[in-house]
Amino acid sequence: ELPRLVERFLRWYERVVLRVDTTNIRVDRPIFLIGLPRSGTTMLQDLLCAHPDVVYVNNTMNRFPTTFCAIEHFRRRLKLDFEGERYLADSVSVSASSPSDAIAFWSAWFKIDPLSVEYQHVQSSDFTPADIERIHETIRKVIWCHGDPTKRFFNKLLAPLPHLEVVRDLFPDAKFLHIIRDARPTANSMVKLCRLEIERQRRNKLNAGHDRLFVPYPRFPRLAEYVRRYGAEDVRTTAHLWSDAV
């Protein structure tokens, strides 16, 4: 998390210097890509986000979700960008400006604990009109960061994947794209993803102070049961999860 004084300064900077104004921006027919990890979602995401009329949450915004307008402003102004291959060693390059799954945003909106594999029931009635307005306002700010109020918002959904009916209710005019890959390569590749992710967390001592590690699977209702029965790094877990998700 940002130091409190830094965050307060950035909030002031957004309000007084940048004068972020979303009055004339509307969230028009947002586009959501749904699909399990390792199904080709990143490739399709990058293709769609290359379109000049599409905007998205990038990796910088996702890293600093509370003051992303100011952070993104400084990143662009100071040309603080870098690029490298993902730790998955799959020849996919990512950078500070490349599209993100926006997991930090969705986890906050849906109150999802990223370190728990337990399913959390979420329904539309959990969101007040003020909650919905805050979500839409955040997306309007993302559009503002891209400099064109007419652009379409795009996001690849991972964290809220088990709650698509709620997403549909929050965005009644949204367009959904569903990508499905054959169960066998998907299940095997998800196991590889999980092993690499857990190895990365242990090597870099991430989530210090927690006795849990982040498992990169959507929290469908029976995931915790599969993890207890087979383990997170087992193809039976991912095969069952593929069946549940599809």
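In this text, residue positions in the sequence shown follow this note's numbering: the first is 1, and each later residue adds one. Ideal placement from N, C-alpha and C gives every residue a C-beta, glycine not left out.
Pairing Arg-229 with Ser-116, the inter-Cα distance amounts to about 16 Å. For Gly-35, DSSP records no beta bridge to any residue. Nearest to Pro-3 by alpha-carbon distance, out of Asp-148, Val-16, Ala-96 and Thr-67, is Thr-67.
Distance from the CA of Trp-106 to the CA of Tyr-217, rounded to the nearest whole angstrom, comes to 15 Å.
Distance from the CA of Val-17 to the CA of Ile-103, rounded to the nearest whole angstrom, comes to 28 Å. Nearest C-alpha to Lys-79 among Glu-85, Ile-71 and Arg-86: Ile-71.
Taking all protein chains in view, the Cβ of Arg-184 is surrounded by fewer than 16 other Cβ atoms within 10 Å, so the residue is classified as exposed. Around the CB of Asp-101, 16 or more other CB atoms lie within 10 Å, so the residue is classed as buried.
One Cα belongs to Glu-85, the other to Ser-95, and the distance between them is close to 9 Å. Considering only Leu-206, Ser-189 and Asp-211, the residue with the shortest C-alpha distance to Trp-242 is Ser-189. Distances from the CA of Asn-24 to each of Glu-197, His-136 and Phe-171 were compared; the closest alpha carbon is that of His-136. Leu-47 is positioned such that its CB atom lies no closer than 8 Å to that of Leu-33.
Under DSSP, His-178 takes part in a beta bridge, and its partners are Ile-34. Contact annotation: Arg-200 and Ile-31 have beta-carbon atoms that are not nearer than 8 Å. By the Cβ criterion, the segment 118-134 is not in contact with the segment 6-16, since fewer than three pairs of Cβ atoms, one from each stretch, lie closer than 8 Å. For Arg-152, there is no enclosing alpha helix (DSSP H); the residue is found in the beta strand (DSSP E) stretching over 152-157. Of all alpha-carbon atoms in Gln-120, Ser-97 and Glu-7, the one lying nearest the alpha-carbon of Pro-221 is that of Gln-120. In the DSSP secondary-structure assignment, Pro-160 is not bridged to any residue. Here His-163 really is in contact with Phe-110; their C-beta atoms are around 7 Å apart, less than 8 Å. Straight-line measurement puts the Cα of Phe-82 at about 32 Å from the Cα of Ala-174.
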